[in-house]
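Asks: Just so you know, the sequences run in chain order A and B.
Whatever position you read off the first sequence (first residue = 1), add 47 for my numbering.
Whatever position you read off the second sequence (first residue = 1), add 1 for my numbering.
C-beta: ideal position from N, C-alpha, C; glycine also.
Since the structure is predicted, the reported quantities are computational estimates derived from the model, not experimental observations.
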Amino acid sequence: MATVGVLTGGAYLTKPLRGRGATLVEDAHEAAGGALPLTLKVNGQPHSIEIDPRVTLLDLLRENFGLTGSKKGCDHGQCGACTVLANGRRINSCLSLAVVHEGDEITTIEGLAKNGEIHPAQSAFIEHDGFQCGYCTSGQICSAVALLSEHQRGDASVITADLSVTGPLELTPEEIRERMSGNICRCGAYPGIVAAVQDAHKKNGRTKA
Amino acid sequence: MNPFDYRRASGAETAISSIAGSAHGKFLAGGTNLIDLMKNGVERPERLVDINRLPLAKIEPLPNGGLRLGALARNSDTANHPLVRQHYPLLSRAILSGASPQLRNLATNGGNLLQRTRCWYFMDAGSSQCNKRAPGSGCGALEGLNRYHAIFGASDKCIATHPSDMCVALVALDATIRVRGPKGERTIPIADFHRLPGDTPQIDTNLGKDELILSIDLPKSSFANHSHYLKVRDRASYEFALVSVAAAMDIQDRRIRSARIVLGGVAHKPWRCEDAEKMVIGNHVDATFFEDAGEIAIRNARPYQRNAFKVALARRAVTKALSLAGGLA
């Protein structure tokens with residue numbers, strides 16, 4: 048088992064606080080501040096580790112598992128560069144403690160390719176120039192993948208005209224912009240991002256039909 | 002982030018006793034606000050009781066025709082629940098106008114009730130004065146950057162606003178908050194849940210320190226056909242409100258039988274405008290009455306140096322929200 052430290056202001060705390068190897072007994076946990084056991088799957092691969100409870104999911108992915116595709120932009124849930132899928136739902140991994148994800152299945156940008164083929168959303172971003180510097184791109188693509196499944200199951204957005212219609216609605220560029228608003232791109236590649244999501248949506252429909 | 006003791010609770014009772022046994026403990030649900038504040042050193046809990054495994058995520062009809070929203074139902078699931086979309090579209094719209102899809106996927110209903118202000122001076126633990134974060138240190142916003150701040154119900158100790166959109170709709174829908182503490186369960190009407198700052202701005206709500214939110218209960222609503230949540234902000238999406246309005250009316254034969262007008266982004270709690278409601282109740286759906294309601298809504302507004310624009314904005318937003326809810330716009 049590896050013990051994961053904590054990143055605070057750039058300094059990596061390699062020493063657990065105390066009680067290294069403390070076990071987590073639900074409801075009756077006595078040891079304070081020690082490393083806790085955590086079991087979860089990342090991109091299909093099971094992991095069992097011990098972890099300081101202050102470590103965020105983002106730091107776990109990047110610092111312990113070497114999955115540096117997910118980026119630390121603002122570290123405050125404002126930019127979306129850290130977006131990953133937890134049990135299929137997009138979340139800001141910077142605002143979620145790793146220890147909360149016991150038993151969860153996490154998918155990062157590194158896990159989207161299947162059988163050696165990149166995900167249709169990934170190829171759509173390439174085709175439509177959905178990025179310039181690329182820093183926000185992993186988060187944008189993870190977000191787009193979740194957007195497509197949210198839309199598929201009929202989720203509304205705040206600009207959806209009629210909330211009582213619960214089937215899939217038309218995915219207009221305005222809907223895409225609203226639904227992607229949690230991902231900031233400082234290069235301003237938004238027109239390409241919207242085109243990429245729209246294209247991935249169309250291709251998605253064709254594969255399913 | 003400060004060290005803390007992490008406990009994963011499997012039941013409400015153990016979660017409550019875990020918190021009761023700690024001087025500075027916090028429940029951890031979605032964590033979108035709490036973890037952020039811990040990173041800034043604004044919140045420094047000595048214990049986190051993780052309640053994510055508690056069975057409080059259901060959304061289910063109540064025997065009286067209302068709807069029970071579990072405290073741990075995620076904001077995104079609440080906004081998109083078919084019963085919420087059909088019977089409480091005002092609530093769906095309010096939730097969907099806040100934050101981003103990623104945040105709404107984590108954020109819970111209970112956590113949304115307990116959101117803390119985004120006042121710059123509260124968020125900056127390093128240097129600023131803030132009576133809410135450090136009681137007695139003063140209010141930096143009073144003479145400082147107060148563009149986002151309150152125009153109603155503030156005190157000389159604190160002029161912060163409540164950041165939630167969901168809560169503004171909940172006040173319009175007469176929600177009650179069901180909570181449980183060491184002494185058992187009780188309910189708190191949403192209007193009494195949040196507080197005005199007065200001399201104790203450090204206390205945001207009337208929830209006891211060791212009380213756990215179980216659910217938000219909505220009574221049967223007659224507002225489903227005529228409601229609107231209007232949010233005015235600096236960006237088109239993913240931004241807090243400068244002013245928001247939850248407008249809801251029960252209209253039959255073009256006559257307004259009852260109404261709710263609640264403002265967000267203007268006070269330390271969602272700000273209900275009962276005098277403006279009285280103006281429209283009993284009248285026909287008519288733009289003139291909606292303009293009068295806007296005038297009445299801002300009557301006791303008290304702006305600060307940089308947020309005087311909010312008074313006119315609130316007046317016009319009330320008129321527009323009522324017009325949209327009433328089908329005039």
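#1: Buried or exposed: which applies to B:L323, given that a residue is buried once 16 or more other Cβ atoms fall within 10 Å of its Cβ?
#2: Quick one: list the residues of chain B neighbouring A:H175, beta-carbon separation under 7 Å, in chain order.
#3: Identify the contact partners of B:G32 in chain A, using a Cβ-Cβ distance below 9 Å as the criterion.
#4: So if I threshold CB-CB distances at 9 Å, which residues from the stretch 196–208 of chain A count as touching chain B?
#5: Return no unless some Cβ of chain A is closer than 8 Å to the Cβ of B:L243.
#6: Can you give me the start and stop residues for the beta strand (DSSP E) that B:Y230 sits inside?
#7: At least one CB of chain A closer than 8 Å to the CB of B:M2: is that the case?
#8: Kindly identify the DSSP beta-bridge partner or partners of B:M250.
#9: Mind checking B:E186: buried by the 16 CB within 10 Å criterion, or exposed?
#10: Okay, do the stretch 133–140 of chain B and the stretch 157–171 of chain B touch, 3+ Cβ pairs below 8 Å being the bar?
#11: Give me the DSSP bridge partner(s) of B:R187.
#12: Quick one: is A:Q169 buried, meaning 16 or more other Cβ sit within 10 Å of its Cβ, or exposed?
#13: Do you know how far the Cα of A:C232 is from the Cα of A:C141?
#14: Looking at the C-beta of A:G162, does it have a partner C-beta in chain B at a distance below 8 Å?
#15: Out of B:L70, B:H163, B:G111, which has the shortest C-alpha to C-alpha gap to B:A89?
#16: According to a CB-to-CB cut-off of less than 7 Å, which residues of the stretch 212–240 of chain B neighbour chain A?
#17: Please identify the residue among A:A247, A:E222, A:K88 whose C-alpha is closest to the C-alpha of A:G177.
#18: Quick one: list the residues of chain B neighbouring A:G229, beta-carbon separation under 7 Å, in chain order.
#19: When the Cα atoms are used, what is the spatial distance from B:R316 to B:V244?
#20: Any contact between the stretch 9–17 of chain B and the stretch 214–228 of chain A? By contact I mean 3 or more CB pairs, one from each, below 8 Å.
#21: In chain A, which residues lie less than 9 Å from B:Y122 when you measure between Cβ atoms?
#22: Comparing alpha-carbon positions, which option in B:T177, B:F291, B:R303, B:L219 lies nearest B:L325?
#23: What residue does the beta strand (DSSP E) around B:F28 start on, and which one ends it?
#24: A:T213 versus chain B: which residues are under 7 Å apart at the beta carbon?
#25: Between the beta-carbon of B:N3 and the beta-carbon of B:A30, is there less than 8 Å?
#26: For a contact meaning CB atoms closer than 8 Å, what does B:P90 contact in chain A?
#27: Going by DSSP, which residues form a beta bridge with B:G32?
#28: Contact defined as beta carbons within less than 8 Å: I believe B:A176 pairs with B:D218. What is the distance between those atoms, to the nearest angstrom?
#29: For A:G117 and A:N139, what's the separation of their Cα atoms in angstroms?
#30: Which stretch, first to last residue, makes up the beta strand (DSSP E) that contains A:P84?
#31: Could you spell out the range, first to last residue, of the beta strand (DSSP E) harbouring B:E61?
#32: How about B:A330 and B:K321: are their beta carbons less than 8 Å apart?
#33: With which residues is B:R8 paired in a DSSP beta bridge?
#34: With 9 Å as the C-beta to C-beta threshold (strictly closer), list the residues of the stretch 97–123 of chain A near chain B in chain order.
#35: With three or more C-beta pairs closer than 8 Å as the rule, is the stretch 17–37 of chain B touching the stretch 104–116 of chain B?
#36: Among B:V85, B:N106, B:L73, which one has its Cα closest to the Cα of B:A170?
Replies: Considering the structure as presented:
#1: buried
#2: In chain order: nothing, as chain B lies at least about 21 Å away.
#3: L142, S143, L144, V147
#4: E197, R200, G201, D202, A203, S204, V205, I206, T207
#5: No, no contact with chain A.
#6: 228–233
#7: yes
#8: B:A260
#9: exposed
#10: Touching, yes.
#11: B:V180
#12: Within 10 angstroms of the beta-carbon of A:Q169 lie 16 or more other beta-carbons, which makes it buried.
#13: 17 Å
#14: Gly is not the amino acid found at residue 162 of chain A; the sequence shown has Asn there. By this cut-off, A:N162 is not an interface position.
#15: According to the sequence shown, residue 89 of chain B is Tyr rather than Ala. Closest by alpha carbon: B:L70.
#16: S238, Y239
#17: A:A247
#18: Ordered by position in chain B, the residues that pass the 7 Å Cβ test against A:G229 are S101, P102, Q103, L104, Y239.
#19: Roughly 10 Å separates the two Cα atoms.
#20: no
#21: Those do not exist, as B:Y122 stays about 17 Å from chain A at its closest Cβ, beyond 9 Å.
#22: B:F291
#23: Here the beta strand (DSSP E) through B:F28 covers 26–29.
#24: P83, R86
#25: no
#26: Chain A residues near B:P90: L210, S211.
#27: Its beta-bridge partners do not exist; DSSP assigns none.
#28: 6 Å
#29: Note that residue 117 of chain A is Ser in the sequence shown here, rather than Gly. Their Cα atoms are separated by approximately 10 Å.
#30: 83–89
#31: 60–62
#32: yes
#33: B:V50
#34: So the close ones are D99, P100, R101, T103, D122, H123.
#35: yes
#36: B:V85
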